[in-house]
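*Asks:* In my numbering, the protein residues as written are 14 to 301.
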């Protein structure tokens, strides 16, 4: 067993490593180390374990948590036994992203590719392992491509997003607007409806000298249901001065700044993925 304190020290020595056990309890340090190891095409298949959970983002880069070196060796051996069933020529080719990922999944029975939520990401969800191994600019689209080819399949539905139909961004601001002039300067206030003359206006306009009185016909409003009622309109536009029941809603994309109705947003399901039967067969033959 050899101990290295960072990836640079390991990279200079480059010993023939059977597996890696990350002992750091700092998530950022462990994440950086795992990303360096996973991005190296000659190392990315090797078993990598943590001694403690460091959060989903880091955990998803590893092969799980071990408590002893013996346990790490035993679990690593199981992975190597599966790797021996593969033709790794394409899998270690830095240019063949599909082979690398499919081979990795094949060697780990029951492995689930889990998405990770990150508000910093334009599409909100990313797949840490795929990002690290393949340095893919868009891991969500890459996995969708592999799923369309039936090489992987959804293990479960994690979330369902609404994406901008123009840029596929998911950072959206939903804004209530006036249905008459599209202004955002609207307020929700109580309205009254005078039965005598039919006048409808904000309640504050009916308050005259501490009593309810119609400002249009000057009828004293004493009994709700007999003299007046509360209409469904309870929104008021401060720009066009129209009253309305419900505002319209627009989604403002924070990335491309387009304004779009919610109905025109693109629904995007987010899945955790696993290797399909077709993917397992293709992994063994190397014919992807």
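The beta carbon of each residue, even a glycine, is placed where N, CA and C say it ideally should be. Keep in mind the model is a prediction, meaning the values are calculated, not measured.
At the level of alpha carbons, what is the spacing between residue 295 and residue 152?
*Replies:* 21 Å
*Asks:* Alpha carbon to alpha carbon, how far is residue 261 from residue 192? Give it in angstroms, no decimals.
*Replies:* 6 Å
*Asks:* Would the stretch 280-289 and the stretch 151-168 be scored as touching if the rule is three or more Cβ pairs under 8 Å?
*Replies:* By the C-beta criterion, the stretch 280-289 is judged to be in contact with the stretch 151-168, since at least 3 inter-stretch pairs fall below 8 Å.
*Asks:* Report yes if the C-beta of residue 40 is less than 8 Å from at least one heavy atom of the ligand FMN; otherwise report no.
*Replies:* Because no ligand of any kind appears in the structure shown, any question about the ligand FMN cannot be addressed here.
*Asks:* What residue does the beta strand (DSSP E) around residue 279 start on, and which one ends it?
*Replies:* 279-288
*Asks:* Determine, using beta carbons only, whether residue 163 and residue 202 come nearer to each other than 9 Å.
*Replies:* no
*Asks:* Using the C-alpha atoms, what's the distance from residue 267 back to residue 187?
*Replies:* 11 Å
*Asks:* In terms of residues, what are the limits of the beta strand (DSSP E) holding residue 200?
*Replies:* Segment 199-201, the beta strand (DSSP E) holding residue 200.
*Asks:* Between 195, 197, 217 and 116, which lies nearest to residue 204 when the distance is taken from Cα to Cα?
*Replies:* Nearest of 195, 197, 217 and 116 to residue 204, Cα basis: 217.
*Asks:* Buried or exposed: where does residue 169 fall if 16 or more other Cβ atoms within 10 Å of its Cβ makes it buried?
*Replies:* When all chains shown are included, residue 169 counts as exposed.
*Asks:* Between the stretch 51-67 and the stretch 116-129, are three or more C-beta pairs nearer than 8 Å?
*Replies:* yes
*Asks:* Whose C-alpha, out of 110, 249 and 33, is nearest the C-alpha of residue 85?
*Replies:* With distances taken between Cα atoms, residue 85 lies closest to 33.
*Asks:* Pair every Cβ in the stretch 267-280 with every Cβ in the stretch 172-183, then say whether three or more of these pairs are closer than 8 Å.
*Replies:* yes
*Asks:* In the DSSP assignment, the beta strand (DSSP E) including residue 217 goes from what residue to what residue?
*Replies:* Element bounds for residue 217: n/a, residue is neither H nor E.
*Asks:* What are the boundary residues of the alpha helix (DSSP H) that residue 88 is part of?
*Replies:* Counting along the chain, the alpha helix (DSSP H) containing residue 88 begins and ends at 82-96.
*Asks:* Do the stretch 129-148 and the stretch 86-96 meet, that is, are 3 or more Cβ pairs less than 8 Å apart?
*Replies:* no
*Asks:* Going by DSSP, name the residue or residues bridged to residue 162.
*Replies:* DSSP output for residue 162 lists no bridge partner at all.
*Asks:* I'd like to confirm the pairing. Which residues does DSSP put opposite residue 187 in its beta bridges?
*Replies:* 264
*Asks:* Looking only at its own chain, which residues have a Cβ that is under 6 Å from the Cβ of residue 72, when we skip the five neighbours before and after it?
*Replies:* The beta carbon of residue 72 lies closer than 6 Å to those of 66 in the same chain, with the five residues before and after it left out.
*Asks:* Can you tell me the Cβ-Cβ gap for residue 149 and residue 47, rounded? I've got them flagged as a contact below 8 Å.
*Replies:* Incorrect: roughly 16 Å between the Cβ atoms, too far for contact.
*Asks:* Suppose you measure from the CA of residue 36 to the CA of residue 290; what does that come to, to the nearest Å?
*Replies:* It is roughly 35 Å from the alpha-carbon of residue 36 to the alpha-carbon of residue 290.
*Asks:* From the DSSP secondary-structure annotation, give me the bridge partner or partners of residue 34.
*Replies:* Beta-bridge pairing links residue 34 to 62.
*Asks:* In angstroms, rounded to a whole number, what distance separates the CA positions of residue 95 and residue 19?
*Replies:* Across the structure, residue 95 and residue 19 are spaced so that their CA atoms are roughly 29 Å apart.
*Asks:* Look at the alpha carbon of residue 99 and the alpha carbon of residue 132, and state the distance between them as a whole number of angstroms.
*Replies:* 37 Å
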